[in-house]
Structures are given as structure tokens and as C-alpha cells.
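Chains as they are written, first to last, in the numbering used here: chain Z, 8 to 219; chain R, 36 to 233. Cβ atoms here follow ideal geometry from the backbone N, Cα and C, with glycine treated the same way.
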């Protein structure tokens, strides 16, 4: 009886949760790729900036949402800002690593073909780094599903609502009602990105295509 | 924030890491020796890692009840992926020449593993433990929501009271612990790597 009544709010919570993920991950992805490219152009400075960023990254999401909400209030935008910032890190790190890992010979070859800096970046370096970048996107996506649970902490709904209410009232059914869909959502989106990653491998580098 | 709060936090992290090492290294060894089991084992620990932290803790809480055991169990499960993956990777990366030499001088499978392969895999395994440790320090914050205490509870109280000083003190303590773990273990990792490469 209760299960039947609960069904529609649950669907709503799933959609809200998904909404947070869908609005934050692309924002974080583009910021991450953009900043990653910038950092890869200044490797010397990056040796300083990246460790600082990874220290910042050890600050748990709860704290960040907690501090942010003191300034921006109990609004969905608080959640989206916090989630986007956190989604940026893995993509930024992997974009940087992917670009730095591109073999010198390909860049030299591209120069030899007379490509401009922008052409080299968009037609040679980024495609070669893409599998690594998408790897970062996978981390971001899975983390974001996980952190969107925290939206409930500042009363912004999502599946965290069930988990929080269940934990504080010791109601196991309520905990599982939130936890299981959140877990499934994370697996589903993780697999979606895995599939994207397969597509992102440049054709010449797919299985069997030696690169030396 | 008292030292007891910090110790409570560290206690949960260290207990979880200890159990994760005891479970993770054997799992890594199994997936190395039986390559057919590798995909299954890695897939399972990957699925665990993908589960949102609060959801995982909530599910464990249903069985174990609120308190530290739930947090320790959750952190243990989260720490498995880097430990299992790096154990398997470290063992697999041991140079084939060395493995062949060990076979050539008549070592048994068990002897090869214990006397040759595992010692050479230690730096990579330790790198996995380092990742697990730094992650666990941050994830242990969720203890606040399942009655585990620690720095997470302190921060949570700060958020509820809108007390910026408390939030920052808690966060500062967390960041310092994470950085100490990261740099301390990074230093050890470097020394281990030098020892095995010599």
C-alpha cells in the first residue's frame, strides 16, 4: 500500500537526481577539458598547480556544499555549482595527462605537415588523448551520482532524501528505496561512458592497429 | 575539535585499510594466478567502487546497524579496488626474464610467488594502498550520517550551526591528514621502488 503511494515520488526523486547529474557533468567536462588544455600549454606552472588542485580535491563534497550553501542558500544552483566543480577535477587531470602523454613523434609529424597549433591540438593531440579524457569523464559521472545524494542535506531532493530520512528514522526500507536506485543509476551511467570510451579510441589505434 | 575526534576518524580509516589489505592482496594474487578469475574479481570490486558512498553505507547499515562497524565495512569495500588492481598489476609486471629464471632454478609455484614475484610487486602494491588510504580519509566523513562519529560529525555540526570556524577547522584537519598520508606514503613508495630496482 505504502509502496504504491511511494512509487510516484520515487520516480520524481530519480528524475531530480538525474537532472543534477545531467546539468553538472557536461559543465564540469567542458571546464575540465578547457583548463586541462590550458595547463598542458604551460607544463612548468602545472607542476605547481596540479598538486595544489589535488590537495583541494581531498576536501570532501559535503564540506564544499556545506560552505557554498552558507553563501548561495538552499537552492538547486548550490548543488549544481558544487557538483560541477567536483566533476571538473578528474576530467582536468586526465586531459592534462592525456595531452602530455601524446608521443612527440606525432606532434613533430603534424608540424611537418604544416598544421597550425590549433589544428595540431584539435586534429592530432585531442583525438589521441580522448580515451584518457573519457576515462576522466567516467570518474566524474560516477562521483557526481554519488555526490548528488548530498543534495538532500540542504533540502534539495534527489535520492539522498530517502537515504537521509531512512538513516535518521532507522527505517531500512526507506534507506534501500534511495540507495538501490542511486547505485543502479551509477552503474548505468558508468556503463554508458564505458561505451563512449570505446567509440573515442581513434580508428588507427584500435585493437590490432600497431602505432610504431 | 579534540584529539579524540581525530583519533576516531583515523581509527576507522586504519581498521578499514588493515582489513582491506588482508582481503585485497589474496584476491589480487588469485586474479593473477588464475587469469580466468581476473575479469570477475575486478568487475565485482569495480561495481562496489561505483556504488555511491552514502548508498553503500546505508545498505550495510541495514544489516550491521548504525555505528563504527558499518563505516569500517564500507571503507574496507571501497579500498578493495585499488589494492586488488595494483596487486594483480604488480605481479603481472614482474619481468618475464626473472620469472623464467625462477622456474629455471627449479622453484615451485608457491616459492616463486613468495620469494620472487611478491617482493618485486611490492612498490606497485604499495601505490594502490596509498590511493586507498587517501580516498578513505575523505570517505570516512560519511560516518557522520551513520553514527560513526569522527571529523565528519564535527563538520556536520558546524554546517548545522552555520559555524564557519568549525567547518574550516574540520576541513583543515581532513586535508592535513590526507596530505600527510599522501606525501608520507609517496616517500616510502619511492624508497621501495629504488630498493627493488637496485
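Residues that residue i contacts on chain Z, provided the C-beta gap is smaller than 7 Å
i: residue 41 of chain R; result: Under the 7 Å cutoff, chain Z gives no residues; its nearest Cβ is about 15 Å from residue 41 of chain R.
i: residue 64 of chain R; result: In chain order: nothing, as chain Z lies at least about 26 Å away.
i: residue 173 of chain R; result: 65, 67
i: residue 206 of chain R; result: 66, 70
i: residue 176 of chain R; result: 67, 69
i: residue 118 of chain R; result: Going along chain Z, no residue has its Cβ under 7 Å from residue 118 of chain R, so there is no contact; the nearest lies around 18 Å.
i: residue 194 of chain R; result: 73
Where residue i meets chain R, residues with beta-carbon distance less than 9 Å
i: residue 174 of chain Z; result: 89, 92, 93, 96, 101, 180, 181, 182
i: residue 27 of chain Z; result: Correct list: empty, because the minimum Cβ distance to chain R is about 12 Å.
i: residue 186 of chain Z; result: 86, 87, 89, 90, 91, 92, 93, 94, 97
i: residue 207 of chain Z; result: Simply none; closest approach about 19 Å.
Chain-ordered chain R contacts of residue i [CB-CB under 7 Å]
i: residue 167 of chain Z; result: 89
i: residue 197 of chain Z; result: 85
i: residue 239 of chain Z; result: With chain Z represented from 8 up to 219, any question about residue 239 of chain Z goes unanswered, as that position is not in the structure.
i: residue 170 of chain Z; result: 89, 90, 93
i: residue 136 of chain Z; result: Residues of chain R passing the Cβ test: none, with the nearest at roughly 22 Å.
i: residue 189 of chain Z; result: 87, 90
Residue i and residue j closer than 7 Å at C-beta
i: residue 200 of chain Z; j: residue 139 of chain Z; result: no
i: residue 170 of chain Z; j: residue 185 of chain Z; result: yes
i: residue 85 of chain R; j: residue 197 of chain Z; result: yes
i: residue 190 of chain R; j: residue 207 of chain R; result: no
i: residue 71 of chain R; j: residue 65 of chain R; result: no
i: residue 58 of chain R; j: residue 161 of chain R; result: no
i: residue 21 of chain Z; j: residue 188 of chain Z; result: yes
i: residue 181 of chain R; j: residue 48 of chain R; result: no
i: residue 98 of chain Z; j: residue 27 of chain Z; result: no
i: residue 193 of chain R; j: residue 176 of chain R; result: no
i: residue 62 of chain Z; j: residue 215 of chain R; result: no
i: residue 126 of chain R; j: residue 69 of chain R; result: no
i: residue 106 of chain Z; j: residue 136 of chain Z; result: yes
i: residue 30 of chain Z; j: residue 94 of chain Z; result: no
i: residue 56 of chain Z; j: residue 164 of chain Z; result: no
i: residue 178 of chain R; j: residue 106 of chain R; result: yes
i: residue 220 of chain R; j: residue 144 of chain R; result: no
i: residue 37 of chain Z; j: residue 64 of chain Z; result: no
i: residue 117 of chain Z; j: residue 127 of chain Z; result: yes
i: residue 81 of chain Z; j: residue 162 of chain Z; result: yes
i: residue 77 of chain Z; j: residue 197 of chain R; result: yes
Distance between beta carbons of residue j and residue i, contact taken as under 8 Å
i: residue 55 of chain R; j: residue 118 of chain R; result: 6 Å
i: residue 69 of chain Z; j: residue 160 of chain Z; result: 7 Å
i: residue 116 of chain R; j: residue 81 of chain R; result: 6 Å
i: residue 155 of chain R; j: residue 140 of chain R; result: With 8 Å as the limit, residue 155 of chain R and residue 140 of chain R do not qualify as a contact, their Cβ atoms being about 16 Å apart.
i: residue 103 of chain Z; j: residue 46 of chain Z; result: 5 Å
i: residue 90 of chain Z; j: residue 155 of chain Z; result: 6 Å
i: residue 83 of chain R; j: residue 62 of chain R; result: In fact, because the Cβ distance is near 12 Å, the residues do not count as touching under 8 Å.
i: residue 167 of chain R; j: residue 151 of chain R; result: Residue 167 of chain R to residue 151 of chain R, Cβ: 25 Å. No contact.
i: residue 169 of chain R; j: residue 128 of chain R; result: Wrong, their Cβ atoms sit about 22 Å apart, outside the cutoff.
i: residue 153 of chain Z; j: residue 87 of chain R; result: 4 Å
i: residue 74 of chain Z; j: residue 211 of chain R; result: Between residue 211 of chain R and residue 74 of chain Z the Cβ distance is about 17 Å, and since that is not below 8 Å, they are no contact.
i: residue 142 of chain Z; j: residue 179 of chain Z; result: The pair is not a contact, with the Cβ atoms about 36 Å apart (cut-off 8 Å).
i: residue 112 of chain R; j: residue 91 of chain R; result: 7 Å
i: residue 185 of chain R; j: residue 40 of chain R; result: 6 Å
Neighbouring residues, chain Z, relative to residue i (Cβ below 8 Å)
i: residue 223 of chain R; result: Neighbours of residue 223 of chain R on chain Z: none; closest Cβ ~18 Å, over 8 Å.
i: residue 209 of chain R; result: 65, 66, 67, 70
i: residue 48 of chain R; result: Simply none; closest approach about 13 Å.
i: residue 199 of chain R; result: 74, 77
i: residue 214 of chain R; result: 62, 65
i: residue 166 of chain R; result: Result: empty, since nearest Cβ-Cβ is about 12 Å, beyond 8 Å.
i: residue 169 of chain R; result: 65
i: residue 68 of chain R; result: Near residue 68 of chain R there are no residues of chain Z at all, since even the closest Cβ is about 26 Å away, more than 8 Å.
Partners in chain R for residue i, counting only beta-carbon separations shorter than 8 Å
i: residue 182 of chain Z; result: 93, 94, 96, 97
i: residue 23 of chain Z; result: Neighbours of residue 23 of chain Z on chain R: none; closest Cβ ~15 Å, over 8 Å.
i: residue 101 of chain Z; result: Those do not exist, as residue 101 of chain Z stays about 15 Å from chain R at its closest Cβ, beyond 8 Å.
Beta-carbon neighbours of residue i, restricted to chain Z and to distances below 9 Å
i: residue 190 of chain R; result: 67, 69, 70, 73
i: residue 54 of chain R; result: Simply none; closest approach about 22 Å.
i: residue 202 of chain R; result: 70, 73, 74, 77
Residue i beta carbon near the ligand ZN (any heavy atom closer than 6 Å)
i: residue 202 of chain R; result: This structure lacks the ligand ZN; in fact it carries no ligand of any kind.
Give the residues from the segment 82-107 of chain R that approach chain Z closer than 7 Å (Cβ to any Cβ), ordered along the chain. 82, 85, 86, 87, 88, 89, 90, 93, 94, 96, 97
Contact set between the segment 66-97 of chain Z and chain R, restricted to residues whose Cβ is under 7 Å from the partner: 66, 67, 69, 70, 73, 74, 77
Near-chain R residues of the segment 143-166 of chain Z - C-beta to any C-beta below 7 Å: 149, 152, 153, 156
Taking any Cβ of chain R, which residues in the segment 108-121 of chain Z have a Cβ under 7 Å from it, in chain order? none
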